[in-house]
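**Q** I am attaching a structure below and will ask some questions about it afterwards.
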């Protein structure tokens with residue numbers, strides 16, 4: 004098992020380096036100059052403007068060639084130094100650290116909602132194949148993956164925050180009020196359930212397919228034939244085998260979850276990584292962007308690796324092969 | 008309708024039961040028959056046709072230009088003159104909705120076409136030449152698949168300035184890995200078949216083998232991919248334009264019309280500005296997904312039992 008993890012890490016390493024390299028160079032090849040963007044036009048247009056810009060570029064290391072810049076950055080990253088924001092001068096690790104919490108909170112809650120709803124509904128539809136419930140739920144899960152997440156968010160704001168006035172419009176907490184659990188729950192309820200609902204769709208479809216495949220296997224027939232109760236057949240023999248592949252699905256959903264979180268954070272003004280990313284793009288804040296991309300990639304790989312390890316722990320066949 | 012459909016099924020069953028006729032039912036005809044029996048897919052196809060027709064013909068019939076500013080009627084609720092009201096620049100929402108539909112649908116179709124073609128090309132190259140070409144292609148698909156495409160497209164738009172062309176190119180660059188993996192797997196298994204060896208012995212070039220042996224084999228999974236890719240691209244366009252990174256104004260698209268709904272005042276007081284484009288996106292994408300499901304069941308009867316994957 005340990006060997007599998009090491010093997011996966013070795014395969015992931017070039018991909019990880021690839022992602023940071025492509026994004027690092029891509030970001031810097033784009034037109035636009037971070038120094039000019041953030042500079043007061045009066046200074047830039049003044050008598051010493053060009054000299055000042057050249058000095059600033061030198062300070063930030065932007066006058067080096069791209070490969071040199073990348074190697075410098077990588078060397079610093081390996082020492083745990085992500086550099087400083089061009090826009091604010093704050094350490095990038097601090098900026099990302101402050102934003103990571105809210106985004107993790109949102110993604111974890113959404114994932115829990117998605118798995119809870121998706122697996123329950125998926126199992127029920129499979130056990131009642133071709134029932135009215137099956138048709139309604141299957142159709143609903145298709146609708147869930149067909150509606151833009153932000154549109155669902157707008158409708159939810161319209162209904163729950165504007166019309167019914169029972170939930171806040173956005174943000175993480177009410178300004179000027181002491182932080183409390185009730186307040187936090189009220190704020191996360193809409194964004195997390197909407198993100199979760201749109202991700203429940205794939206879980207329903209996958210669970211249904213997997214359970215259907217399993218309950219037609221011969222060992223299920225054998226379990227029935229030896230007189231086991233239907234409940235025991237379902238819960239002891241069918242479900243554990245059918246739900247196993249879902250562990251892998253969770254890992255595969257992480258990139259989509261990240262993208263969904265960016266959009267949902269914008270709709271609900273959730274102070275997470277998504278909002279940080281959008282401003283960093285506008286300000287051409289290279290160090291923040293590169294750090295951000297790296298953290299994203301780490302997220303995705305950690306998700307994939309975790310789900311693979313879990314899969315191995317749960318399925319002895321994978322562990323031994 | 009119900010009757011004729013039942014009759015059709017009856018006819019099909021009797022055809023299959025008679026051995027002489029059964030031979031003449033070709034695979035593609037069987038697939039088509041399965042698609043026709045998939046009622047949700049049929050409904051989806053009809054709705055799609057209607058939307059495409061409305062989007063193509065509609066703007067020609069309406070008296071307004073989609074980008075014509077008329078400050079005398081700005082932010083007016085729906086009326087007889089403006090069935091879906093007007094926006095903050097006095098532009099007719101219905102006209103912009105139909106004109107925007109052209110943009111959204113065109114983006115969806117172009118991205119699906121380009122990414123399918125790219126995937127076919129790279130997948131065939133990887134499968135045929137193997138070695139370093141295969142290794143590089145696989146790593147590249149891995150990088151792309153493990154990165155949130157939406158974030159990357161938003162980045163490209165922010166760095167290079169939003170434009171519809173850029174949107175199509177970058178979305179395509181993030182969509183080709185799936186068809187590429189399909190084609191690569193098929194090429195790898197097909198290249199060892201004896202009829203391919205025979206074709207090669209007869210002097211067929213790699214391009215010819217791809218065109219006449221690989222393409223027919225992957226046509227059905229690629230069709231299903233392309234259908235779903237249209238839906239995915241429309242959703243991506245909507246999300247990106249909503250964030251301000253997609254189709255730049257003044258041209259309309261379903262996504263950037265929703266961009267107007269960023270203030271609470273508009274969400275609560277002017278629902279005619281954001282509900283119609285959002286609903287149209289949802290209906291269009293749902294219809295495409297229904298057609299995609301129907302196609303999947305049609306080309307792969309196993310999946311009718313619910314064994315197919317997801318997304």
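Residue numbers (the working numbering), protein chains in the order written: chain A, 4 to 324; chain B, 8 to 318.
Built from N, CA and C at the ideal position, the CB exists for glycine as well.
Note that the coordinates shown come from a computational prediction; the quantities given were computed from them, not determined experimentally.
Our contact map puts residue 258 of chain A next to residue 153 of chain B with C-beta atoms below 8 Å; I'd like the distance itself, whole angstroms only.
**A** Counted from its first residue, the first chain places residue 258 of chain A at position 255. Counted from its first residue, the second chain places residue 153 of chain B at position 146. Right, the Cβ-Cβ distance comes to about 6 Å (below 8 Å), so this counts as a contact.
**Q** Since residue 285 of chain A meets chain B, which of its residues come closer than 8 Å, beta carbon to beta carbon?
**A** The residue given as residue 285 of chain A occupies position 282 in the first chain. Chain B residues near residue 285 of chain A: 165.
**Q** Along the chain, where does the alpha helix (DSSP H) that runs through residue 276 of chain A open and close?
**A** The residue given as residue 276 of chain A occupies position 273 in the first chain. 276–285 is the extent of the alpha helix (DSSP H) around residue 276 of chain A.
**Q** Is the distance from the Cβ of residue 91 of chain B to the Cβ of residue 101 of chain B below 7 Å?
**A** The residue you call residue 91 of chain B lines up with position 84 of the second chain. The residue you call residue 101 of chain B lines up with position 94 of the second chain. Going by C-beta atoms, residue 91 of chain B is nearer than 7 Å to residue 101 of chain B.
**Q** Check the DSSP bridge columns for residue 87 of chain A and list the partner residues they point to.
**A** Numbered from its first residue, the first chain carries residue 87 of chain A at position 84. DSSP, once it has assigned bridges, lists A/94 as partnering residue 87 of chain A.
**Q** Does the stretch 123–135 of chain B come close enough to the stretch 236–254 of chain A that 3 or more CB-CB pairs lie under 8 Å?
**A** no
**Q** For chain B, check one thing: does any of its Cβ atoms lie closer than 7 Å to the Cβ of residue 33 of chain A?
**A** Here residue 33 of chain A is taken as the residue at index 30 of the first chain, counted from 1. Yes, residue 33 of chain A counts as interfacial toward chain B.
**Q** If you measure between the beta carbons of residue 88 of chain B and residue 236 of chain B, is that distance less than 7 Å?
**A** Mapped onto the second chain, residue 88 of chain B falls at position 81. Mapped onto the second chain, residue 236 of chain B falls at position 229. No.
**Q** Can you give the Cα-Cα distance for residue 136 of chain A and residue 144 of chain A, rounded to whole angstroms?
**A** Start at 1 with the first residue of the first chain, and residue 136 of chain A comes out as number 133. Start at 1 with the first residue of the first chain, and residue 144 of chain A comes out as number 141. When rounded, the distance between both Cα atoms is 12 Å.
**Q** For a contact meaning CB atoms closer than 9 Å, what does residue 104 of chain A contact in chain B?
**A** Along the first chain, one-based indexing puts residue 104 of chain A at 101. Residues of chain B passing the Cβ test: none, with the nearest at roughly 19 Å.
**Q** Sorted by chain position, which residues of the same chain lie with C-beta nearer than 6 Å to residue 15 of chain A's C-beta, five sequence neighbours on each side aside?
**A** The residue labelled residue 15 of chain A in the question sits at position 12 within the first chain. Counting only Cβ-Cβ distances below 6 Å, and skipping sequence neighbours, we find 304.
**Q** Indicate whether at least one CB of chain B lies closer than 7 Å to the CB of residue 170 of chain A.
**A** On the first chain, position 167 is the one that residue 170 of chain A refers to. For residue 170 of chain A, the closest Cβ of chain B is not nearer than 7 Å.
**Q** Assign residue 51 of chain A to one of three DSSP states: helix, strand, or coil.
**A** Position 48 of the first chain, counted from the start, is the residue given in the question as residue 51 of chain A. In the structure shown, residue 51 of chain A sits in coil (DSSP, three-state: anything other than H, G, I, E or B).
**Q** Given a limit of 7 Å on CB to CB distance, which residues of the stretch 171–184 of chain B reach chain A?
**A** Within the stretch 171–184 of chain B, no residue qualifies.
**Q** Looking at chain A, which residues of the stretch 286–305 of chain B have a Cβ within less than 9 Å of any of its Cβ atoms?
**A** 286, 288, 289, 290, 291, 292, 293, 294, 295, 296, 297, 300
**Q** Mind checking the stretch 153–164 of chain B against chain A and listing, in chain order, the residues whose C-beta falls within less than 9 Å of any C-beta there?
**A** 153, 154, 155, 156, 157, 158, 159, 161, 162, 163, 164
**Q** Can you list the residues of chain A that residue 3 of chain B reaches, using a CB-CB cut of under 8 Å?
**A** Since the displayed chain B opens at 8 and closes at 318, residue 3 of chain B lies outside it and no answer follows.
**Q** What does a CB cutoff of less than 6 Å around residue 201 of chain A pick up in its chain, not counting 5 residues either side in sequence?
**A** Here residue 201 of chain A corresponds to residue number 198 of the first chain, with the count starting at 1. The residues are 147, 152.
**Q** Would you say residue 270 of chain B lies against chain A (beta-carbon separation less than 7 Å)?
**A** The sequence position of residue 270 of chain B within the second chain is 263, counting from 1. Taking Cβ atoms only, chain A never reaches closer than 7 Å to residue 270 of chain B, which makes this a no.
**Q** Based on the DSSP secondary-structure assignment, which residues constitute the bridge partners of residue 93 of chain B?
**A** As a working note, residue 93 of chain B is residue 86 in the second chain. Residue 93 of chain B pairs with B/99.
**Q** Could you give the residue range of the alpha helix (DSSP H) that holds residue 327 of chain A?
**A** What is shown of chain A runs 4 to 324, which leaves residue 327 of chain A out entirely.
**Q** Please report whether the beta-carbon of residue 124 of chain B lies at a distance below 7 Å from any beta-carbon of chain A.
**A** The count along the second chain starts at 1 and reaches residue 124 of chain B at position 117. Not one chain A Cβ lies under 7 Å of residue 124 of chain B.
**Q** Does residue 21 of chain A get closer than 7 Å to chain B when you measure Cβ to Cβ?
**A** To locate residue 21 of chain A, count along the first chain from 1; it is residue 18. Cβ-Cβ to chain B under 7 Å: yes for residue 21 of chain A.
**Q** Whole angstroms is fine: what's the gap from residue 30 of chain B's alpha carbon to residue 41 of chain B's?
**A** Looking up residue 30 of chain B in the second chain gives position 23. Looking up residue 41 of chain B in the second chain gives position 34. Model confidence at residue 30 of chain B stands at a pLDDT of 48, short of 50, so the residue's coordinates are unreliable and nothing is read from them.
**Q** Does any residue of chain B bring its CB to less than 7 Å from the CB of residue 231 of chain A?
**A** Stepping through the first chain from its first residue, residue 231 of chain A is reached at position 228. No, because no Cβ of chain B sits closer than 7 Å to the Cβ of residue 231 of chain A.
**Q** Taking three-plus beta-carbon pairs below 8 Å as touching, is the stretch 241–253 of chain A in contact with the stretch 205–220 of chain A?
**A** yes
**Q** Going by other Cβ atoms of all chains shown within 10 Å of its Cβ, with 16 needed for buried, is residue 61 of chain A buried or exposed?
**A** Here residue 61 of chain A refers to the residue found at position 58 when the first chain is read from its first residue. Burial call: exposed.
**Q** Among A/125, A/277, A/287, which has the Cα closest to the Cα of residue 215 of chain A?
**A** Here residue 215 of chain A refers to the residue found at position 212 of the first chain. Of the candidates A/125, A/277, A/287, the one whose C-alpha sits nearest the C-alpha of residue 215 of chain A is A/125.
**Q** Using a Cβ-Cβ cutoff of less than 7 Å, which residues in the same chain neighbour residue 203 of chain B once the five nearest sequence positions on both sides are dropped?
**A** To locate residue 203 of chain B, count along the second chain from 1; it is residue 196. If you ignore the 5 residues before and after residue 203 of chain B, its C-beta comes within less than 7 Å of the C-beta of 197, 216, 220, all in its own chain and listed in chain order.
**Q** Give a yes or no on whether the minimum CB-CB distance between residue 149 of chain B and chain A is below 7 Å.
**A** The sequence position of residue 149 of chain B within the second chain is 142, counting from 1. Yes, because at least one Cβ of chain A sits closer than 7 Å to the Cβ of residue 149 of chain B.
**Q** Quick one: measure Cβ to Cβ for residue 104 of chain B and residue 280 of chain B, integer angstroms, because I've assumed they're closer than 8 Å.
**A** As a position in the second chain, residue 104 of chain B is number 97, starting the count at 1. As a position in the second chain, residue 280 of chain B is number 273, starting the count at 1. Not really, about 10 Å apart at Cβ, beyond 8 Å.
**Q** What whole-angstrom Cβ distance do residue 195 of chain A and residue 113 of chain A have, given they're in contact under 8 Å?
**A** Stepping through the first chain from its first residue, residue 195 of chain A is reached at position 192. Stepping through the first chain from its first residue, residue 113 of chain A is reached at position 110. With a Cβ gap of about 5 Å, residue 195 of chain A and residue 113 of chain A count as contacting.
**Q** Give every residue of the same chain whose Cβ lies closer than 7 Å to the Cβ of residue 52 of chain B, excluding the five residues on either side of it in the sequence, and list them in chain order.
**A** Taking the second chain and counting its residues from 1, the one referred to as residue 52 of chain B is at position 45. Correct list, in chain order: 298.
**Q** Taking Cβ-Cβ distances below 8 Å as the criterion, which residues of the stretch 123–156 of chain A are in contact with chain B?
**A** Those residues of the stretch 123–156 of chain A that come within reach of chain B (Cβ to Cβ, closer than 8 Å) are 129, 132, 142, 145, 146, 148, 149, 150, 151, 152, 153, 154.
**Q** Closest to residue 228 of chain B by CA distance: which of B/191, B/157, B/306, B/64 is it?
**A** Taking the second chain and counting its residues from 1, one reaches residue 228 of chain B at position 221. Here the closest residue by C-alpha is B/306.
**Q** Given a threshold of 16 other Cβ atoms within 10 Å of its Cβ, counted over all protein chains shown, does residue 306 of chain A qualify as buried or as exposed?
**A** As a first step, residue 306 of chain A must be located in the first chain, where it is residue number 303. Classification for residue 306 of chain A: buried.
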